[in-house]
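See structure below.
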Amino acid sequence: MAVQLSSLEILEQADFPQAQARAIVRVLEGEAATRREDLATKADLADLRHATRADLAEFRQATTAELVEFRQATTAELIELRQASKTDLAELRHVSQLDIARLEGKFGADIGAAKSELVKWLFLFTLGQFTLTAGIVQFLLKAAR
101 MAVQLSSLEI LEQADFPQAQ ARAIVRVLEG EAATRREDLA TKADLADLRH ATRADLAEFR
161 QATTAELVEF RQATTAELIE LRQASKTDLA ELRHVSQLDI ARLEGKFGAD IGAAKSELVK
221 WLFLFTLGQF TLTAGIVQFL LKAAR
């Protein structure tokens, strides 16, 4: 490692002993060399930019493919769900119609039974009214004689 002449001259002009000035310059040059190894060059940055763009393009393609696959799977699942919903609704409609028909039949029978019970009680009430009216008429006829 060559000692920088200008750095050495600056230190010697500042009244540093020559041995001490050389040691300081060597330490500084060693540190600079170490730091230089950590520095990125334009070529390093260009390589990194190229690699990053390639990675992004690959990621974009993979993501696009996954999105297309996800969209297709989701569409297929929605179609299946829609078909299952239609089937379930049709089945529910059929069961509801059967239940309504059964209830109509039951209510019809109950209404028929209630009608016959009402006719029976109406007949008994009318008979009772007729008997009461006949009794009152007979009483009035006997009382008027």
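So for the sequence shown, our numbering puts the first residue at 101; every next one is plus one. Each residue gets a CB set at the ideal place from its N, CA and C atoms; glycine is no exception.
Asked	Found
L246, buried or exposed, once every other Cβ within 10 Å from all chains shown has been counted against 16	The requested residue 246 is not part of the displayed model; the chain covers only 101 to 245.
Start and end residues, alpha helix (DSSP H) containing R126	Q118 to D138
R245 in three-state terms, based on DSSP	coil
C-alpha gap between R162 and L148, whole angstroms	Per the sequence presented here, residue 162 reads as Ala, with Arg not at that position. Rounded to whole angstroms, A162 to L148 spans 21 Å at the Cα level.
Rounded distance between the beta-carbons of V127 and S107, thought under 8 Å	S107 to V127, Cβ: 11 Å. No contact.
Cβ-based burial, A121 [other Cβ within 10 Å; buried from 16]	buried
Helix, strand or coil at T141 [DSSP, three-state]	coil
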